[in-house]
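K.L.:
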Amino acid sequence: MSITYQENNKIFHLTTKNSDYQIQIDPFGYLLHLYYGKKTSHDAVGITTFYDRGFSGNPGDVIGDRTYSMDTLPQEFPMDGTGDYRNIALSLEDCKGTQACDFRYLSHSIKKGKYTLNGLPYVYAREEQAETLEILLKDDVLGMELTLLYGVIPEINCITRSAILENKSSEIVTVDKAAAACLDFLTGDFDVITFHGRHTMERNVDRSPVGYYATSVGSRRGTSSHQYNPLMILADQKTTEEYGKCYSMSFVYSGGFEASVEKDQFNQTRMLMGLQSSNLRYRIKPGKQWIIPEVILSHSENGLTQLSHQLHDCINNHIIRGKYQKGPRPILINSWEANYFDINADNLIGLAKEASELGIDMLVMDDGWFGKRNNDDAGLGDWTVNEDKLGMSLSEMIDKINALGMKFGIWFEPEMINEDSDLYRAHPDYAMTIPGRKPGHARDQLLLDFSREEVVENIYQQMKDILDHNHIEYVKWDFNRSISDVFSHSDRIAGEVLYDYMIGLYGLLERLCQDYPDILIEGCSGGGGRFDAGMMYYTPQIWCSDNTDAINRTLIQYGTSFGYPISTVGSHVSAVPNHQTGRITSLKTRATVAMSGTFGYELDLSKLSQEEKDTIKEQVAEYKKYAALIAEGRYYRLSDPKEEHVCAWSFVSANQEECLMNTIQLQIESNMKVFYVKFRGLAEHSYYKDEKTGSIYSSDILMEIGLPLKLLFEEYHSEQLYLKKVEA
Ligand code: GLA
């Protein structure tokens, strides 16, 4: 049993392989958060303190006891209206505009298996892999019920949280703020780790001490965003990759989010994650339910690497679904950086031909094939093949590409519309614009109002027409602007649109996943602007960044690895000088970086020399050899590329028989210090052989002292060392 309830002291224990989470129902029916941390069967009793604190008041029914305050107690789900002045998880408003709620315990149930969420992505598990705790709370004055959902997946040390609000009154109740998870810590000095960035430079790691203020990151862009990722880690200030306590929250949602951490007046720390509140005002009508999207919690006592491994396991085994969950993904050649908008059947078939000779599996026709799409100011919304531009029908072209032994994939940006499109001319109201205002443009495009079913249906039918009549095995699903001008030509108010938009988007993705189970969908939002666990439920891989520069990518992929497995990281070798930075790196360095992802190429192969083509052929063969190790092996960050002049990382197979270690020399100095790569995760007291050179290494020495890298006069030099365990 991973979930137990003790009637005598009203404590729930949620137990995973290495951690324990405790909740107590207090005498007033509030839920107190007692403990989350290292596994223990002991109850965390006697840890809550009661003092008469000035300006920390007492709930209305706690008469005569000035020591009981929601402002000081550790809580499971802090709400607006109970006297807690810290950040709160929930704020509701009644029909008169009064903002207050006060939910108290009513009942609970413990079930086998993991709960599911209607219309939203969620962590799934087989019945024997998980248990669910549902705690039902009620606010009698509002006539609202709140069910807190906990999913416990012991094997991967993850606990999920979500909540469902149900309006049992006869009036509308409006949600102004809704987080899915809150963690309160009575003790501890923490750092908060967040992942900030910008277009083409996503998920830089920031680690700062939690101070006496509320720190929050989030996105008001309607997407999870390039700027902040919906992943937050709280780590003991002494925690490193290998040692120490840390906790993470990861949002299974791709829209706007808010994550905060604060140290309160008594040194207690609170961490919260949920929906972005600045544009949330959701009316729950009488009799209706409303779901707060899910947050994955994870905890490690052994540093950040273990935390990452748990999150990787969660995403690989409990988020990603379908045919491509396990097993090799195709190696792609993508037309974008090869031809941009200048595509036609001749150059695409030519690219496919060159690629097929190198062992590449699939040609992806990127932007430019539909409507009047010759640059980025027209055509979005018109998903009809521009046969004049291609020079033949799509199916004819695909037949020719398939005849070369190549699969075929295609690009869509389903949520967008250009004003210069037939769809806009026919249905201007489908675009998100505010009546009377000139809509904000980005990349010359507007958003389609996916909160409306008829808009989603229109796009579904257009996509279906393309997918039904052509042999397409992959779809790249792009999204190239932030949302603005939030307004719906429907009965929704603005505060409801972004949530319903996500329901519309997820509904369409789900329909396509069901209709076309053999199609691999790769997510993308100008690269990694929607790189989150929510999208991964539908799109097993996501284009990690529009930046294909190998050196910048080491940083981007390093940051990404904290919360997301390599199997999700779309990564390609592109041309030099690099189109985003102008930097020149060797083909080997570019491939070493791109191999730490779902490998592919994105350049005009016809411009390469025979020698370069031969190298690519070898790289493709090499990647195929390592593909399973890379996708399924344990990923180790062996250096911090922000701080060190070498970026080093490795993959170790589950049985510790194989290891692929990678390094990139980021900087070069005269008379350099030697960089030792300290391996991790190998079998102790064992020997490993480099099959290329025949050299044998002791795992203990590799892990205790490290492998000295050669001093070379070459910036951006890369090494890949493939080791196999051998008998002594
Ligand atoms: C975005 C994507 C690119 C490419 C272009 C096409 O920027 O991230 O990979 O698909 O759109 O317009």
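For the sequence shown, our numbering assigns the number -1 to the initial residue and increments by one for each residue that follows. Note that the Cβ used here is the ideal one computed from N, Cα and C, for glycine as well. Here the structure is a predicted model, which means the values were calculated and not measured.
Check whether the stretch 522 to 540 and the stretch 224 to 238 are in contact - that is, three or more C-beta pairs closer than 8 Å.
P.N.:
Result yes; three or more Cβ-Cβ pairs closer than 8 Å.
K.L.:
Just checking S523 against the ligand GLA - is the residue's beta carbon closer than 8 Å to any of the ligand's heavy atoms?
P.N.:
Stepping through the sequence shown from its first residue, residue 523 is reached at position 525. Because some heavy atom of the ligand GLA lies under 8 Å away, the Cβ of S523 counts as near it: yes.
K.L.:
Which whole-angstrom value is the C-beta distance of K286 and N116, which I expect to be below 8 Å?
P.N.:
Position 288 of the sequence shown, counting from 1, holds the residue named residue 286. Position 118 of the sequence shown, counting from 1, holds the residue named residue 116. Their Cβ separation, rounded to whole angstroms, is 12 Å, which puts K286 and N116 out of contact at 8 Å.
K.L.:
Please say whether I554 and N202 have beta carbons closer to each other than 9 Å?
P.N.:
The count along the sequence shown starts at 1 and reaches residue 202 at position 204. The count along the sequence shown starts at 1 and reaches residue 554 at position 556. Against a cut-off of 9 Å, the Cβ pair of I554 and N202 comes out as a contact.
K.L.:
Going by DSSP, what residue range makes up the alpha helix (DSSP H) through W334?
P.N.:
Counting from one through the sequence shown, the residue named residue 334 turns up at place 336. W334 to N337 is the span of the alpha helix (DSSP H), which, as asked, contains W334.
K.L.:
Could you pull out every residue in the same chain whose Cβ sits closer than 6 Å to the Cβ of S298, ignoring the five residues on either side in sequence?
P.N.:
Position 300 of the sequence shown, counted from the start, is the residue given in the question as residue 298. Closer than 6 Å at Cβ, skipping near neighbours: C244, Q304 and L305.
K.L.:
Around the Cβ of P515, are there at least 16 other Cβ atoms within 10 angstroms (buried) or fewer (exposed)?
P.N.:
Counting from 1 along the sequence shown, the entry for residue 515 is found at position 517. Exposed: under 16 other Cβ atoms inside 10 Å.
K.L.:
For chain C, check one thing: does any of its Cβ atoms lie closer than 9 Å to the Cβ of E292?
P.N.:
Here chain C cannot be found, since the structure has a single protein chain.
K.L.:
In terms of residues, what are the limits of the beta strand (DSSP E) holding I318?
P.N.:
Reading the sequence shown from its first residue, position 320 is the one you call residue 318. Unbroken run through I318: none, as it is neither H nor E.
K.L.:
Looking at the secondary structure, which residues open and close the alpha helix (DSSP H) in which G532 lies?
P.N.:
In the sequence shown, the residue the question calls residue 532 occupies position 534. A531 to M534 is the span of the alpha helix (DSSP H), which, as asked, contains G532.
K.L.:
What does the alpha-carbon distance come out to for the pair E471 and L506?
P.N.:
Position 473 of the sequence shown, counting from 1, holds the residue named residue 471. Position 508 of the sequence shown, counting from 1, holds the residue named residue 506. One C-alpha to the other measures close to 18 Å.
K.L.:
Just the C-alpha distance for I540 and L601, rounded to the nearest angstrom, thanks.
P.N.:
The residue labelled residue 540 in the question sits at position 542 within the sequence shown. The residue labelled residue 601 in the question sits at position 603 within the sequence shown. Cα to Cα, I540 sits roughly 19 Å from L601.
K.L.:
Would you kindly work out how many angstroms separate the C-alpha atoms of I432 and F188, rounded to a whole number?
P.N.:
For the purposes of this step, residue 432 is taken as the residue at position 434 of the sequence shown. For the purposes of this step, residue 188 is taken as the residue at position 190 of the sequence shown. Near 43 Å, if we compare the C-alpha coordinates of F188 and I432.
K.L.:
Can you say whether T185 is buried or exposed, counting buried as having 16 or more other CB atoms within 10 angstroms of its CB?
P.N.:
Within the sequence shown, the letter at position 187 stands for residue 185. Classification of T185: exposed, given that the 10 Å Cβ count is below 16.
K.L.:
Restricting to Cα atoms, I'd like to know which of S223, G81 and V650 is closest to S543.
P.N.:
Your numbering for residue 543 matches position 545 in the sequence shown. The option with the nearest alpha carbon to S543 is S223.
K.L.:
Along the chain, where does the beta strand (DSSP E) that runs through T558 open and close?
P.N.:
Position 560 of the sequence shown, counted from the first residue, corresponds to residue 558. Here T558 belongs to no beta strand (DSSP E); instead the alpha helix (DSSP H) covers A548 to T558.
K.L.:
Please state whether DSSP places D733 in a helix, a strand or coil.
P.N.:
Outside the displayed span of the chain (-1 to 726) sits residue 733, for which this structure offers no information.
K.L.:
Please state if the CB of E352 and the CB of K611 are separated by a distance shorter than 9 Å.
P.N.:
Here residue 611 refers to the residue found at position 613 when the sequence shown is read from its first residue. Here residue 352 refers to the residue found at position 354 when the sequence shown is read from its first residue. Against a cut-off of 9 Å, the Cβ pair of E352 and K611 comes out as a contact.
K.L.:
Which ranges does the alpha helix (DSSP H) cover as unbroken runs of at least 4 residues, wholly within the stretch 375 to 430, from first to last along the chain?
P.N.:
For the stretch 375 to 430, whole alpha helix (DSSP H) runs of length 4 or above, ordered along the chain, are 385 to 388, 392 to 401 and 420 to 424.
K.L.:
Quick one, are the C-beta atoms of I151 and V121 less than 9 Å apart?
P.N.:
On the sequence shown, position 153 is the one that residue 151 refers to. On the sequence shown, position 123 is the one that residue 121 refers to. Contact flag set, yes.
K.L.:
How long is the line joining the alpha carbons of F26 and K8, rounded to whole angstroms?
P.N.:
In the sequence shown, counting from the first residue as 1, residue 26 sits at position 28. In the sequence shown, counting from the first residue as 1, residue 8 sits at position 10. Between F26 and K8, the C-alpha separation is close to 12 Å.
K.L.:
At what residue ranges does the stretch 425 to 476 contain a whole run of the alpha helix (DSSP H), taking only runs of 4 or more?
P.N.:
If we require 4 residues or more, the alpha helix (DSSP H) runs fully inside the stretch 425 to 476 come out as 451 to 466.
K.L.:
Which value, in whole angstroms, describes the spacing of the CA atoms of D558 and K474?
P.N.:
Walking along the sequence shown from the start, residue 558 turns up at place 560. Walking along the sequence shown from the start, residue 474 turns up at place 476. Residue identity differs from the one stated: residue 558 is Thr in this sequence, not Asp. Their backbone Cα atoms lie some 20 Å apart in a straight line.
K.L.:
The beta strand (DSSP E) spanning T145 covers which residue range?
P.N.:
The residue given as residue 145 occupies position 147 in the sequence shown. Unbroken beta strand (DSSP E) run through T145: M142 to I151.
K.L.:
What ranges does the beta strand (DSSP E) occupy inside the stretch 605 to 658, keeping only unbroken runs of at least 3 residues that lie completely in it?
P.N.:
Fully enclosed beta strand (DSSP E) runs of 3 or longer: 632 to 635 and 644 to 650.
K.L.:
From D50 to T70, what does the alpha carbon distance come to, in whole angstroms?
P.N.:
As a working note, residue 50 is residue 52 in the sequence shown. As a working note, residue 70 is residue 72 in the sequence shown. Approximately 10 Å, taken between the alpha carbons.
K.L.:
Any heavy atom of the ligand GLA within a distance shorter than 8 Å of the CB on N550?
P.N.:
For this step, residue 550 is matched to residue 552 along the sequence shown. No, the beta carbon of N550 sits no closer than 8 Å to any heavy atom of the ligand GLA.
K.L.:
For A87, count the other beta carbons within 10 Å of its own beta carbon; 16 or more makes it buried, fewer makes it exposed. Which is it?
P.N.:
Within the sequence shown, numbered from 1, the residue matching residue 87 stands at position 89. A87 comes out buried.
K.L.:
Return yes when the C-beta of D24 is under 8 Å from any heavy atom of the ligand GLA, and no when it is not.
P.N.:
Translated into positions along the sequence shown, residue 24 becomes position 26. Every heavy atom of the ligand GLA is 8 Å or more from the Cβ of D24, so no.
K.L.:
Does any heavy atom of the ligand GLA sit closer than 8 Å to the C-beta of D476?
P.N.:
Counting from one through the sequence shown, the residue named residue 476 turns up at place 478. At least one heavy atom of the ligand GLA is nearer than 8 Å to the Cβ of D476, so yes.
K.L.:
Since I313 and P563 are thought to touch, with beta carbons under 8 Å apart, how far apart are those beta carbons, to the nearest angstrom?
P.N.:
Taking the first residue of the sequence shown as position 1, residue 313 is located at position 315. Taking the first residue of the sequence shown as position 1, residue 563 is located at position 565. About 5 Å; that satisfies the 8 Å criterion.
K.L.:
Assign V171 to buried or exposed, taking buried as 16 or more other Cβ atoms, counted over all protein chains shown, within 10 Å of its Cβ.
P.N.:
The residue you call residue 171 lines up with position 173 of the sequence shown. Classification for V171: buried.
K.L.:
Using the Cβ count rule (16 or more neighbours within 10 Å means buried), how would you classify C93?
P.N.:
On the sequence shown, residue 93 is found 95 positions in, with the first residue counted as 1. The residue in question, C93, is exposed, as its Cβ has fewer than 16 Cβ neighbours within 10 Å.
K.L.:
What residue from M271, K387 and G369 has the CA that sits closest to D380's CA?
P.N.:
Here residue 380 is taken as the residue at index 382 of the sequence shown, counted from 1. Here the closest residue by C-alpha is G369.
K.L.:
Assuming the contact rule is C-beta atoms closer than 8 Å, L719 and T552 should be a hit. Round their C-beta distance to whole Å, please.
P.N.:
Residue 719 sits at position 721 when you count from the first residue of the sequence shown. Residue 552 sits at position 554 when you count from the first residue of the sequence shown. Not really, about 17 Å apart at Cβ, beyond 8 Å.
K.L.:
Given the structure, does D530 come close to the ligand GLA, in the sense that its CB is under 8 Å from one of the ligand's heavy atoms?
P.N.:
Position 532 of the sequence shown, counted from the start, is the residue given in the question as residue 530. Because no heavy atom of the ligand GLA lies under 8 Å away, the Cβ of D530 does not count as near it: no.
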